[in-house]
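Participant:
Numbering (UniProt numbering), first residue to last: 1 to 493.
1. Evaluate the contact criterion for the segment 170 to 183 versus the segment 118 to 137: three or more CB pairs, one atom per stretch, below 8 Å.
2. Are the Cβ atoms of residue 346 and residue 306 separated by less than 9 Å?
3. Look up residue 318 in the DSSP assignment and give the residues it is bridged to.
4. Quick test of your reading: residue 411 and residue 364, contact by CB under 8 Å. State the CB separation rounded to the nearest angstrom.
5. If you run the structure through DSSP and keep just helix, strand and coil, what is residue 323?
6. How big is the Cα-Cα spacing for residue 301 and residue 314?
7. With DSSP as the reference, label residue 169 as helix, strand or coil.
8. Can you list, in chain order, the residues of its chain with a C-beta nearer than 6 Å to that of residue 324? Leave out the 5 residues immediately preceding and following it.
9. Near residue 466, which residues of its chain fall below 6 Å by C-beta distance, leaving aside the five closest residues on each side in sequence?
10. When burial is assigned at 16 or more other CB atoms within 10 Å of the CB, is residue 67 buried or exposed?
11. Residue range of the alpha helix (DSSP H) that residue 379 falls in?
12. Between the Cα of residue 171 and those of 419, 448, 326, 102, spot the shortest distance and give me the residue it belongs to.
13. Suppose contacts are defined by Cβ-Cβ distances below 9 Å. Is residue 253 in contact with residue 304 by that definition?
14. Is it the case that the Cβ atoms of residue 167 and residue 216 are separated by a distance below 9 Å?
15. Report the three-state DSSP secondary structure of residue 179 (helix, strand or coil).
16. Nearest to residue 448 by alpha carbon, out of 432, 413, 437, 426?
17. Write down the C-beta distance between residue 392 and residue 453 rounded to the nearest angstrom, noting that I regard them as a contact closer than 8 Å.
18. Quick test of the definition: if touching needs 3 or more C-beta pairs under 8 Å, does the segment 130 to 141 touch the segment 85 to 93?
19. Helix, strand or coil for residue 135 per DSSP?
20. Are there three or more Cβ pairs, one per stretch, closer than 8 Å when the segment 276 to 291 is compared with the segment 261 to 268?
21. Report the rounded CA-to-CA distance for residue 230 versus residue 72, giving the unit in angstroms.
22. Apart from the five residues just before and just after residue 281, which ones in its own chain have a Cβ nearer than 7 Å to its Cβ?
23. Specify, as a first and last residue, the run of the alpha helix (DSSP H) that residue 150 falls within.
24. What does a CB cutoff of less than 8 Å around residue 207 pick up in its chain, not counting 5 residues either side in sequence?
25. Under a three-way DSSP split, which group does residue 295 fall into?
26. How would you call residue 193, buried or exposed, if buried means at least 16 neighbouring beta carbons within 10 angstroms?
27. Less than 8 Å between the CB atoms is what I'm expecting for residue 407 and residue 354, so what's the real figure, rounded?
28. For residue 196, collect the residues of the same chain with a Cβ closer than 8 Å to its Cβ; drop the 5 residues on either side in sequence, then sort them by chain order.
29. Whole-angstrom Cβ separation of residue 144 and residue 183, contact assumed at under 8 Å?
30. Roughly how many whole angstroms lie between the Cα atoms of residue 154 and residue 165?
31. I believe residue 373 touches residue 415 by the beta-carbon criterion, under 8 Å. Please report the beta-carbon distance rounded to the nearest angstrom.
32. For the alpha helix (DSSP H) containing residue 358, list its first residue and its last residue.
33. Could you check whether residue 356 and residue 388 sit closer than 9 Å to each other, using their CB atoms as the reference points?
34. With C-beta atoms as the reference, is residue 377 less than 9 Å away from residue 343?
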C-alpha cells in the first residue's frame, strides 16, 4: 500500500464519510491539543488588529482569481490505524495549497478547512506512533517548503524604525504558524530519523530557511529560530555549513547592507552553538569572534541585538579566557572613548564590559587593568551622567571589587584624580554621591596610599593655583606696561 507516492486527493474508499467531514473538520480545531495556540485569522477583530500593525503578504500567496476547492478528507481518528499513514500523506498534499490572505473575503471556507487540517496534523505528529514512514519525509518537507519559502515583501518605508514602528505582520500567519508548529513537532518526534531526512533537509533547504530570518514579523523569526536550532542539533553534516552561512549574513550586514531583521535571533542560536564548542577552540571559531562578532558593535542598530551579542562574546571568553586580552584591547580599550558615541550606546558597551569582567580570570585581569581603568576613568569623567553612572556601578559588583582590591596599588593612582575632582565639581548630586562611595571604598582598601594621593593631589592643586595666579598677575603687569607705552607715544604726538 505504501510502496508508491500517493496521488493527489480524489474520491476514494472514504467517500461515504465525506458528507459530514467538512463540518467535523471545522469543529475539530476546538478539540485539539491545548499545547498549540489555535489561531483564528478570520474574525473581524483580528483583521482590524492586523491592519493597525500593517499586514502584508508575499507574492507566493497571490491567488489567480479562481476559487480554490479542496476535497474534504475524513479525520485521521475516524479511520482504522493501518490506513492512517496513507491518509496522513494525503492531508500533507492538500496542505501544499496556499491562499491569498490579502483578500480577506476569498476562499474563506477552504482557508478554514486547511487551518483545521493543519491543527489536526500538529496533534497527530505529537501523539501518534508509526506515522513516520520513509514515504512521509519528502511529503513533509514538500508541504513545509510550499508554505514557508517565498520572496519576502520589501519594507514599506526606508525610514522604518524597528524600535519605534510596528513591524509588518505576515497576513498568512493563521496557516504559517501551524506549519511551523507542525515542522517543529516533526523534528522533535522520537521517530524522526536524520539519516532519512538528510536527503530532503539539505543545504538548499537551510539557505532558504536563513533567508526567511529577514522577515519583519517577529513571530515568524521566533519560530525560525527554533527550527534552525533543531536542524543544527540533528544534522551533524550541516553544522559547518550553517555556521558559514550565518557568518556570511553578518558580514553582509556589517559591511554592505546594515539591514537584516533576524540578527538577534541568529545571535541567540549562536550563543547556544558557542556554548557547545569543544576545547581547545578551533582557529576558525576565534576568527569568527574577532572578524565578525566584534565588528557587529559598530552597526547603528546595535541596540536591537546587543544583549544577544554580549552573551556570545561572554560565551567565547568563558570557553577560552586567553581571548580576554585581545578582545578587550581590540574593542573596549583601544578603539573607543566615551565622546565617540551617543551616551546610551556607550552605556551598552559598559554593561557588556561588566559581563566580561564577571567571568575574567585574575591572571587575565592583571594584563589589562591599566589601560582598562584609564578608559573607566575617562568614562567616570564623562559629561553624560548616564555614562559616568554606569561606570561607577562597577564598584557595586562584588567580583569586580575583589579584583580592584587585589590590585588597588595600580588602580587607585589611575582613578584618584578624576574621582577627587568630580567629588568637588560635578553638577549631578547622584554622581557625587556615587563617587563618595567609591572614594570611601578605596580609602578602606588602602588607606596609606589614599592619604599619599590626597596630599599629593592637594599639593599639586595648590601649586597649579599659585602658578595660575602668578600668570594672571604677570599678564596684568604686561598690559599696564603696554598701556603706559602707548600713552607716552600719544603725549609725544
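In this text, a Cβ means the ideal position worked out from N, Cα and C, and glycines have one as well.
Facilitator: Reading from the atomic positions:
1. yes
2. Along the chain shown, read from residue 1 onward, the residue named residue 346 stands at position 346. Along the chain shown, read from residue 1 onward, the residue named residue 306 stands at position 306. Not closer than 9 Å, so no.
3. Locating residue 318 in the chain shown gives position 318, counting from the first residue. In the DSSP output, where bridge partners are listed per residue, residue 318 has none listed.
4. Here residue 411 is taken as the residue at index 411 of the chain shown, counted from 1. Here residue 364 is taken as the residue at index 364 of the chain shown, counted from 1. With 8 Å as the limit, residue 411 and residue 364 do not qualify as a contact, their Cβ atoms being about 15 Å apart.
5. Along the chain shown, read from residue 1 onward, the residue named residue 323 stands at position 323. Three-state result, residue 323: helix.
6. Walking along the chain shown from the start, residue 301 turns up at place 301. Walking along the chain shown from the start, residue 314 turns up at place 314. When rounded, the separation of the alpha-carbon atoms in residue 301 and residue 314 is 20 Å.
7. Residue numbering aside, residue 169 sits at position 169 when the chain shown is read from its first letter. If DSSP states are grouped into helix, strand and coil, residue 169 belongs with the strands.
8. Working through the chain shown from its first residue, we reach residue 324 at position 324. Correct list, in chain order: 317, 360, 364.
9. Counting from one through the chain shown, the residue named residue 466 turns up at place 466. Bear in mind that a pLDDT of 42 at residue 466, under 50, signals an unreliable position, so the model cannot answer this.
10. Within the chain shown, numbered from 1, the residue matching residue 67 stands at position 67. The residue is exposed, with fewer than 16 neighbouring Cβ atoms inside 10 Å.
11. Numbered from 1 along the chain shown, position 379 holds the residue referred to as residue 379. It spans 362 to 380 - the alpha helix (DSSP H) in which residue 379 sits, taken as one unbroken run.
12. For the purposes of this step, residue 171 is identified with residue 171 of the chain shown, where counting begins at 1. If we check each option's Cα against that of residue 171, 102 comes out closest.
13. For the purposes of this step, residue 253 is taken as the residue at position 253 of the chain shown. For the purposes of this step, residue 304 is taken as the residue at position 304 of the chain shown. Cβ atoms of residue 253 and residue 304: not closer than 9 Å.
14. As a first step, residue 167 is located in the chain shown; it is residue number 167 there, counting from the start. As a first step, residue 216 is located in the chain shown; it is residue number 216 there, counting from the start. It is a contact, given that the beta carbons lie within the stated cut-off.
15. The residue given as residue 179 occupies position 179 in the chain shown. Residue 179: helix per DSSP, three-state reduction.
16. Start at 1 with the first residue of the chain shown, and residue 448 comes out as number 448. The candidate whose alpha carbon is nearest that of residue 448 is 413.
17. As a first step, residue 392 is located in the chain shown; it is residue number 392 there, counting from the start. As a first step, residue 453 is located in the chain shown; it is residue number 453 there, counting from the start. Rounded, the Cβ-Cβ distance is 18 Å, inconsistent with contact.
18. A contact between stretches requires three or more CB pairs, one per stretch, nearer than 8 Å, and the segment 130 to 141 meets this requirement with the segment 85 to 93.
19. Position 135 of the chain shown, counted from the start, is the residue given in the question as residue 135. It is coil, neither helix nor strand.
20. no
21. Taking the chain shown and counting its residues from 1, one reaches residue 230 at position 230. Taking the chain shown and counting its residues from 1, one reaches residue 72 at position 72. Between residue 230 and residue 72, the C-alpha separation is close to 33 Å.
22. What you label residue 281 is simply residue 281 of the chain shown in a count that begins at 1. Excluding residues within five positions, the ones whose Cβ falls inside 7 Å are 319, 320.
23. Counting from one through the chain shown, the residue named residue 150 turns up at place 150. It is not in any alpha helix (DSSP H) - residue 150 carries neither H nor E in the DSSP assignment.
24. The residue given as residue 207 occupies position 207 in the chain shown. The residues are 245.
25. The sequence position of residue 295 within the chain shown is 295, counting from 1. The answer is helix: DSSP assigns residue 295 an H, G or I state.
26. The residue given as residue 193 occupies position 193 in the chain shown. Exposed, by the Cβ-count rule.
27. What you label residue 407 is simply residue 407 of the chain shown in a count that begins at 1. What you label residue 354 is simply residue 354 of the chain shown in a count that begins at 1. A Cβ-Cβ distance of about 17 Å is found for the pair residue 407 and residue 354, leaving them out of contact under the 8 Å criterion.
28. As a first step, residue 196 is located in the chain shown; it is residue number 196 there, counting from the start. 134, 137, listed in sequence order.
29. As a working mapping, residue 144 is identified with position 144 in the chain shown. As a working mapping, residue 183 is identified with position 183 in the chain shown. Contact holds; Cβ gap of about 5 Å.
30. Indexing the chain shown from 1 puts residue 154 at position 154. Indexing the chain shown from 1 puts residue 165 at position 165. One C-alpha to the other measures close to 15 Å.
31. In the chain shown, counting from the first residue as 1, residue 373 sits at position 373. In the chain shown, counting from the first residue as 1, residue 415 sits at position 415. Confirmed, about 6 Å.
32. The residue given as residue 358 occupies position 358 in the chain shown. Note, residue 358: alpha helix (DSSP H), 343 to 359.
33. Against the chain shown, residue 388 aligns to sequence position 388. Against the chain shown, residue 356 aligns to sequence position 356. In this structure, residue 388 sits away from residue 356, with a CB-CB distance that is not shorter than 9 Å.
34. On the chain shown, residue 377 is found 377 positions in, with the first residue counted as 1. On the chain shown, residue 343 is found 343 positions in, with the first residue counted as 1. For residue 377 and residue 343, no; Cβs fall outside 9 Å.
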